[in-house]
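Just so you know, the sequences run in chain order A and B. Take the first sequence: its position 45, counting from 1, is numbered 150 in our numbering, and each next residue is one higher. Take the second sequence: its position 153, counting from 1, is numbered 258 in our numbering, and each next residue is one higher. Built from N, CA and C at the ideal position, the CB exists for glycine as well. Worksheet: the structure to be examined is printed underneath.
2 protein chains.
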Amino acid sequence: MKLAAFGEDAFLRELQDRVPLSEHVSIGIGDDAAAISVPDGELVLLTVDTLVEGTHFLWKTTPPRFLGRKAVAVSASDIAAMGGVALGVLLSLSVSGDLEVETLRQIVDGAAERCSELGMALVGGNLARSDGRAVVDVTVLGHTESGKTLRRGGARAGDAIFVSGKIGASAVGLWLLQQGAALSPSGGAIVPDALREGPLQFAEPCIRAHLDPEPRLALGRELRARDLATACIDVSDGLSLDLHRLCRASGTGARIEEQALPLAAKALAWKREHGRDAVQAALSGGEDYELLFTTRDTSAIEAFRDTCDIALTRIGEMTPDENAVELVRRDGSVEPLSARGWDHFQERRS
Amino acid sequence: MKLAAFGEDAFLRELQDRVPLSEHVSIGIGDDAAAISVPDGELVLLTVDTLVEGTHFLWKTTPPRFLGRKAVAVSASDIAAMGGVALGVLLSLSVSGDLEVETLRQIVDGAAERCSELGMALVGGNLARSDGRAVVDVTVLGHTESGKTLRRGGARAGDAIFVSGKIGASAVGLWLLQQGAALSPSGGAIVPDALREGPLQFAEPCIRAHLDPEPRLALGRELRARDLATACIDVSDGLSLDLHRLCRASGTGARIEEQALPLAAKALAWKREHGRDAVQAALSGGEDYELLFTTRDTSAIEAFRDTCDIALTRIGEMTPDENAVELVRRDGSVEPLSARGWDHFQERRS
């Protein structure tokens, strides 16, 4: 059945029954606003991010359940970058009346499922008709201890730069999807024979990194609670662009080393066989949702790393000159690192 | 200059300088998330609402400044209906790369201006490219005293039903705009000669009611603080539909009286001259953003009304039968009041 025949109110009534509450939620879906308990003395964190059809996703390559999951994860990643605890989510959908009600249910179920996995509750939202591209807008509310928030602007020259996890898998995943690979609704990778030259084991994690990213909420909370980082940002638009943003906020420059970058190596090697530049893909690909952070105490990070199940890699250091963000190549040559990343309005990697 | 040439990052940097902070805001625009202080012991309220091009607004009839103002007011109205204090706003825009940067500035300036007027701060947001219809998504964060929230579901049979202000002006305003009237960017009404048969003085308040509604934040707070209302909802999709929602949440029916309805009378009379049914327009027109509430203590409401500068009108009472929402006509006849209102997906007043 199409949404135009089903109606907004019928859908919202159904939604109310499909989404579980949590102990923090006094009022969930179904009233004029949601009501949530936040611990006394904590700062409330608030962020919104958007996935737009044609800009951030295509229906063809994105199963609706994963659209819901990804929209939640992408917004939660901003709370991770502040070192916060994520509590509640609003899901605002602007979709065509031609959309199947079943598709909408899968988006909502995916979002609700991802909320549960991340310790959050889906507390409300909105459903609006848009005869253009579908827009999925997710607000996340969280909280953090006052005065201990992880900011973008706290880095100083000499601080070491770290990044969590691997960089570039999501860009490879996007490329695979564009070439005809897919994720089934249940989450298994479907890879066309033409792409099977490399080992299939690399395809699924990359596709999953792109369609079902993992926000680093626990890592962000630990960095904040242990006071380990001087600045932090999540890698959403590409490491290059996000490093530029961190530098701008901190009033510093930065120098990173190609040989230190934790590239999703085998996958990138496989991709390179297909004619792409692995380092460029890693630095400007975006959508990694890893944390890029700086520290004055590298040994404390190294000690913490031993207790932590996420890779934390030192990739360079902050420098005094605000206008210099540099990449040291494997041969020792130094080149400016442009603020490459996805600027959707400029229709290119800017 | 078009947004595609200007770029997202350039715009967001500029935005950061254009929007004032407030005492409650620890971190505003420019980091991964905003951070806001909420009084200890209070519940956090969270709501989102959306204006979509072609569904909720047309560029032709909506000056960008008023699009920003209205998007903020519409979302704040949900906080009013909960009896809350509104604190912070996220503005999420999905727009075409062809949009003029100046248009976007006016939307943002309108939103920031309306936030200031309503005691809120614009604390963050998102800017995404959408090659379809523009989507303006506004999240409002507020707070309210625990256990004293105004809910939709608290009404019981016998409670009196009240509505604030006048009903129907926004519907008349929309009709005037569709007929060629306009609001200038500075807020003055421009009404074509063909529409000037009735007195011009009725045009401007109606157009303003549609393009620049007033959320009843102070009224909602008073109703909650004085414990005057048993249930409350804001009239966003038409009094009929919103009354049905309140009844459904409360498990009751309702009976309202045509002769008691506080129609925006002169304007409606004028509109009727042009061939519209005033009562239908008032009950299903929507976008009034008045508060519809119930009480067990009519005399307390009447005493409060004497101290209040907003009209509060008793329009009927709640009844026991869940499935009966009725309208008593001027001639004493009783007819079912259908859940008429705007269901955008059903492409008609449902």
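At a Cβ-Cβ threshold of 8 Å, B:Ala308 and B:Ala294 count as neighbours. When the five nearest sequence neighbours on each side are left out, the beta carbons in the same chain lying within less than 8 Å of the beta carbon of B:Gly173 are those of Leu196, Gln211, Ile212, Val213, Asp214, Gly215, Ala216, Ala217, Glu218, Arg219, Val241, in order along the chain. Nearest to A:Gly224 by C-alpha distance, out of A:Phe267, A:Phe409, A:Val245, A:Glu407, is A:Val245. With a 10 Å radius around the Cβ and a threshold of 16 neighbouring Cβ atoms, B:Asp145 comes out exposed. At a cut-off of 8 Å between C-beta atoms, B:Asn231 counts as an interface residue with respect to chain A. No Cβ of chain B is located within less than 8 Å of the beta carbon of A:Val177.
No Cβ-Cβ contact shorter than 8 Å links A:Ile361 with A:Gly270.
With its beta carbon less than 8 Å from one in chain A, B:Asp242 belongs to the interface. Using beta-carbon distances, B:Arg123 does not count as an interface residue toward chain A, since no partner is under 8 Å. Contact check between the stretch 180 to 188 of chain B and the stretch 280 to 291 of chain B: fewer than three CB pairs, one atom from each, fall below 8 Å, which does not count as touching. By the CB criterion at 8 Å, A:Leu333 and A:Phe409 fall inside the cutoff. Closest in C-alpha terms to B:Gly133, from the list B:Glu147, B:Leu148, B:Leu117, comes B:Leu117. Linking B:Glu158 to B:Ser389 through their CA atoms gives a straight-line distance of about 21 Å. Taking all protein chains in view, the Cβ of A:Asp382 is surrounded by fewer than 16 other Cβ atoms within 10 Å, so the residue is classified as exposed. Restricted to the stretch 188 to 262 of chain A, the beta strand (DSSP E) segments that are unbroken, complete and at least 3 residues in length are 190 to 200, 226 to 234, 240 to 250, listed in chain order. In the three-state reduction of the DSSP assignment, B:Ile295 falls in the strand class, which pools E and B. Along the stretch 323 to 351 of chain B, the positions whose C-beta sits under 7 Å from a C-beta of chain A are Ile338, Asp339, read in chain order. Contact with chain B is found for A:Ser131, since one of that chain's Cβ atoms lies less than 8 Å from the residue's Cβ.
Note on geometry: alpha-carbon atoms of B:Val190 and B:Leu151 lie some 11 Å from one another. Contact of B:Arg257 with chain A is assigned, a C-beta pair being separated by under 8 Å. The residue from A:Glu205, A:Leu163, A:Val149, A:Asp203 with its alpha-carbon nearest to that of A:Leu192 is A:Val149. Residues of chain A with a Cβ closer than 8 Å to the Cβ of B:Thr166 do not exist; the shortest Cβ-Cβ separation is about 17 Å.
Taking B:Gly278 as the centre and dropping the five residues before and after it, the same chain places the C-beta of Cys311, Ile312, Ala314, His315 closer than 6 Å to its C-beta, in chain order. In chain order, Ser199, Ala233, Arg234, Ser235, Asp236 make up the part of chain A whose C-beta sits under 9 Å from the C-beta of B:Thr160.
Remark: C-beta atoms of A:Arg321 and A:Ala405 do not approach each other more closely than 8 Å. Residues of chain A with a Cβ closer than 9 Å to the Cβ of B:Ser443 do not exist, since the nearest Cβ in that chain sits about 13 Å away. In this structure, the straight-line span from the alpha carbon of A:Val153 to that of B:Glu427 is close to 38 Å. Close CB contacts of B:Ala239 within its chain, under the 6 Å cut and outside five residues either way in sequence, are with Glu158, Val200 (chain order).
B:Thr399 is positioned such that its CB atom lies no closer than 8 Å to that of B:Ala262. Per DSSP, reduced to three states, the secondary structure at A:Ile415 is coil, with no helix or strand assignment. In this structure, A:Asp264 and A:Arg401 form a Cβ contact; the two beta carbons are roughly 5 Å apart against a cut-off of 8 Å. With respect to the C-alpha of B:Met187, the residue from A:Asp137, A:Val430, A:Glu205 having the closest C-alpha is A:Asp137.
Inclusion of A:Leu255 and A:Arg329 in the CB contact set at 8 Å is warranted, their separation being smaller than that value. Looking at the DSSP output, B:Glu440 bridges to B:Leu432. If you look at A:Thr403, you'll find it in the alpha helix (DSSP H) that goes 403 to 410.
Around A:Thr155, the beta-carbon contacts reaching into chain B at under 8 Å are Ser197, Ser199, Asn231, Ala233, Asp242.
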